[in-house]
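K.L.:
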Amino acid sequence: MGIADDDTSRMLDEECPGPPDLESVLANESVGSAASHPALVIDAATPLPAVLRQMREESLGAALVVRGGKLAGIFTERDVLMKVAGQPIEVEHTTVSELMTVDPVTLPVEASVAFALNKMLIEGFRHIPLVDDENRPIAVVSMRDLIDYLSNFFRRDILNLPPDPRVGFRNRDGA
Numbered sequence: 029m030g031i032a033d034d035d036t037s038r039m040l041d042e043e044c045p046g047p048p049d050l051e052s053v054l055a056n057e058s059v060g061s062a063a064s065h066p067a068l069v070i071d072a073a074t075p076l077p078a079v080l081r082q083m084r085e086e087s088l089g090a091a092l093v094v095r096g097g098k099l100a101g102i103f104t105e106r107d108v109l110m111k112v113a114g115q116p117i118e119v120e121h122t123t124v125s126e127l128m129t130v131d132p133v134t135l136p137v138e139a140s141v142a143f144a145l146n147k148m149l150i151e152g153f154r155h156i157p158l159v160d161d162e163n164r165p166i167a168v169v170s171m172r173d174l175i176d177y178l179s180n181f182f183r184r185d186i187l188n189l190p191p192d193p194r195v196g197f198r199n200r201d202g203a
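If you count by my numbering, then the sequence shown holds residues 29 to 203, one letter each, in order.
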């Protein structure tokens with residue numbers, strides 16, 4: 029391989045960072061493989077303080093709300109900020125169904141990682157419930173789950189980042 033070939037290869041590596049199979053993984057891997065923790069599934073009649081306590085204790089940003097075992101809504105941190113904080117509601121006498129987002133956008137667990145990521149970016153979602161054919165919740169995938177999943181393909185690059193992002197590398201060629 030000559031010097032020109034090395035330069036071409038280096039330029040292509042810089043233009044297309046990441047492993048060559050990342051595009052294939054995005055298109056072919058199911059979003060279910062990126063969901064990193066079980067979903068918090070709660071009944072629609074659950075009092076709001078109980079839901080908030082569970083979300084806090086389990087460090088979760090969303091709860092899937094069900095009626096009769098089927099997904100009825102989603103209650104997220106955004107709902108807390110927009111519908112609870114600073115609002116004139118009686119928290120102790122409010123059920124989660126009064127404040128949840130009704131009929132959220134869902135995906136089948138077999139949807140591709142690329143499709144889920146695209147949907148979340150375009151529509152501004154931080155969480156998407158994954159459901160079966162009968163609209164029963166299976167999991168919830170968060171934007172953080174997808175970032176963690178994708179970062180596994182860049183382990184070497186991420187581990188070699190400087191400890192302070194404001195410092196950066198002094199020059200591209202190293203020493």
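The C-beta atom is built at its ideal place from N, Cα and C for all residues, glycine as well.
Could you pull out every residue in the same chain whose Cβ sits closer than 8 angstroms to the Cβ of residue 123, ignoring the five residues on either side in sequence?
P.N.:
Answer for residue 123: 72, 73, 74, 75 and 76, listed in chain order.
K.L.:
Quick one: which unbroken alpha helix (DSSP H) runs of 4-plus residues sit fully inside the stretch 45 to 108? Chain order, please.
P.N.:
Listed in chain order, they are 50 to 56 and 76 to 85.
K.L.:
What do you get for residue 156, buried or exposed, if any count of 16 or more other CB atoms within 10 angstroms of its CB means buried?
P.N.:
Per the 10 Å Cβ criterion, buried.
K.L.:
Whole angstroms is fine: what's the gap from residue 116's alpha carbon to residue 63's?
P.N.:
Going from the Cα of residue 116 to the Cα of residue 63 covers about 35 angstroms.
K.L.:
Could you tell me the alpha carbon to alpha carbon distance between residue 98 and residue 163, rounded to whole angstroms?
P.N.:
Distance between the alpha carbons of residue 98 and residue 163: 5 angstroms.
K.L.:
According to DSSP, simplified to helix, strand and coil, what is residue 117?
P.N.:
In this structure, residue 117 counts as coil in the three-state DSSP scheme.
K.L.:
DSSP three-state call for residue 137: helix, strand or coil?
P.N.:
In the structure shown, residue 137 sits in coil (DSSP, three-state: anything other than H, G, I, E or B).
K.L.:
Quick check: the Cα distance between residue 84 and residue 54, rounded to an integer number of angstroms?
P.N.:
Their Cα atoms are separated by approximately 31 angstroms.
K.L.:
On the criterion of 16 or more Cβ atoms from any shown chain inside 10 Å, does residue 170 qualify as buried, or is it exposed?
P.N.:
Its Cβ being crowded by 16 or more others within 10 Å, residue 170 is buried.
K.L.:
For residue 102, count the other beta carbons within 10 Å of its own beta carbon; 16 or more makes it buried, fewer makes it exposed. Which is it?
P.N.:
Buried, since its Cβ has 16 or more Cβ neighbours within 10 Å.
K.L.:
Under the rule that 16 or more other beta-carbon atoms within 10 Å means buried, what is residue 107, buried or exposed?
P.N.:
With 16 or more Cβ atoms within 10 Å of its Cβ, residue 107 is classed as buried.
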